[in-house]
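K.L.:
Counting along the sequence shown from 1, when you hit position 114 you're at 114 in this note's numbering, and nothing is skipped either side.
The C-beta atom is built at its ideal place from N, Cα and C for all residues, glycine as well.
In this text, all values refer to a predicted model and were calculated from it rather than measured experimentally.
Here it is, the structure, as structure tokens.
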Amino acid sequence: MKKVLLSAASVMALSVGAQAADLGAVDEPIKLAVNEWTGQHISTHIAGQMLEAAGYTVEYTTAGYMNMWQAMADGEVHAALEVWSSNVSDQFAKLEAEGTVTEISDLGLVAREGYAYPSHVEEICPGLPAWEALKDCAGQFATAETLPMGRLVDYPADWGTPGADRVTGLGLPFKAVPAGSEGALIAELRASTEKKSPLLIVFWQPHWAMSAYDVKFVDLPAAEEACFTDPAWGVNPNETSDCDFSASRIFKTSWAGFEEKWPAAYEILKNYKLDTATQQPLMGAVDVDGGAVEEVVSEWMAANEGTWKPVVEAATK
1 MKKVLLSAAS VMALSVGAQA ADLGAVDEPI KLAVNEWTGQ HISTHIAGQM
51 LEAAGYTVEY TTAGYMNMWQ AMADGEVHAA LEVWSSNVSD QFAKLEAEGT
101 VTEISDLGLV AREGYAYPSH VEEICPGLPA WEALKDCAGQ FATAETLPMG
151 RLVDYPADWG TPGADRVTGL GLPFKAVPAG SEGALIAELR ASTEKKSPLL
201 IVFWQPHWAM SAYDVKFVDL PAAEEACFTD PAWGVNPNET SDCDFSASRI
251 FKTSWAGFEE KWPAAYEILK NYKLDTATQQ PLMGAVDVDG GAVEEVVSEW
301 MAANEGTWKP VVEAATK
């Protein structure tokens, strides 16, 4: 496994005036949600190891990103460390309004989502990155399962349908096909890059694959709130979602009773920050080099105590 010894002086940050808090119920495990993508695993395990350093027991609980919110509201899952505002279920907003789940603070990652393609696809579909080019060359992306329409590889089904929504909104002659997993999305990028074959995919950054496969985003119409609520807005007067993804804010959430039950743990999670420049190589150490998440994170933690230990100490001493 490639050594991951990064200098990350700005990764963690203390809030001004942070004070030590009681540890709370250290005899009960804190259950952190583990969702379906590697970056989230990295974010979660760094937070988990910080909590363990403070004296807590942590359990990593596999949870579907779009449907974990009721379990969090019920206190069966206690926190999620990488929530994307552009792709979070309506149930989260409902439960947040009811006061059963709560937002903790921003994580610190700079994010983007959208239609994407490996750079060589511009030779196959002249006119890219302008989205209108997709109307003229959709046939280049067709497969046996989508003929006569082009094929768009959408997010896995349990992440929502943002690709399909925009196919409808923009009136594109494409069929959105959900990927089976994050790994399946990567396999598509790898195969397209190696074979120089056409590929249109829904993807995001931060992600190590953005640089490994020279991935570019399609220029879609700029997103505004009205795009998602008013069909009359935008290029298609009959549909919503005729625009790009909303700029995404990445934040942390918890069960509403978390702060009272584990006060110091809440302070740690509130002040925990992770930047894109740190996360992406760690993702690559897992997905490219084959390292286990726990080992990759442990190695980074050992090499960067000065960036995370002050956060733990401020909350507990």
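1) Kindly indicate which residue of GLN49, LEU189, ALA232 has the alpha-carbon position closest to the one of SER181.
2) Does the count of Cβ pairs from the stretch 103 to 121 and the stretch 269 to 277 closer than 8 angstroms reach three?
3) Are the stretch 66 to 86 and the stretch 241 to 249 in contact at 8 angstroms, needing three or more beta carbon pairs?
4) Along the chain, where does the beta strand (DSSP E) that runs through PHE245 open and close?
5) Report the residue from GLY114, THR102, ALA93 whose alpha carbon sits nearest the alpha carbon of LEU215.
6) Assign LEU169 to one of three DSSP states: helix, strand, or coil.
7) How long is the line joining the alpha carbons of PRO148 and PRO173, rounded to whole angstroms?
8) Identify every run of the alpha helix (DSSP H) within the stretch 108 to 176, keeping only runs that are complete inside it and at least 4 residues long; order them along the chain.
9) Can you round the beta-carbon distance between TRP255 and HIS78 to whole angstroms, since I take them to be within the 8 angstroms contact cut?
10) Relative to the C-alpha of GLY169, which residue among ILE124, GLU239, VAL153 is closest?
11) Spatial neighbours of LEU318 within its chain, please: CB distance less than 6 angstroms, with the 5 preceding and 5 following residues excluded, ordered by chain position.
12) What does the alpha-carbon distance come out to for the pair ASP242 and GLU76?
13) Express the C-alpha separation of GLU145 and SER10 in angstroms, rounding to a whole number.
14) Taking the alpha-carbon positions, what's the LEU134 to GLU98 distance?
15) For LYS47 and TRP233, what's the separation of their Cα atoms in angstroms?
P.N.:
In short:
1) LEU189
2) yes
3) yes
4) Unbroken run through PHE245: none, as it is neither H nor E.
5) Here residue 215 is Val; the residue named in the question, Leu, does not match the sequence. Of GLY114, THR102, ALA93, the residue nearest in Cα terms is GLY114.
6) Before going further, note that residue 169 is Gly rather than Leu in the sequence given. If DSSP states are grouped into helix, strand and coil, GLY169 belongs with the helices.
7) 8 angstroms
8) 121 to 124, 133 to 136, 162 to 170
9) 5 angstroms
10) GLU239
11) There is no way to answer for residue 318, as the model of the chain reaches only from 1 to 317.
12) 37 angstroms
13) Here the model assigns SER10 a pLDDT of 40, short of 50, so the residue's position is not dependable and the matter cannot be decided.
14) 42 angstroms
15) In the sequence as presented, Lys is not what sits at residue 47; that position holds Ala. Those two C-alpha atoms are separated by around 41 angstroms.
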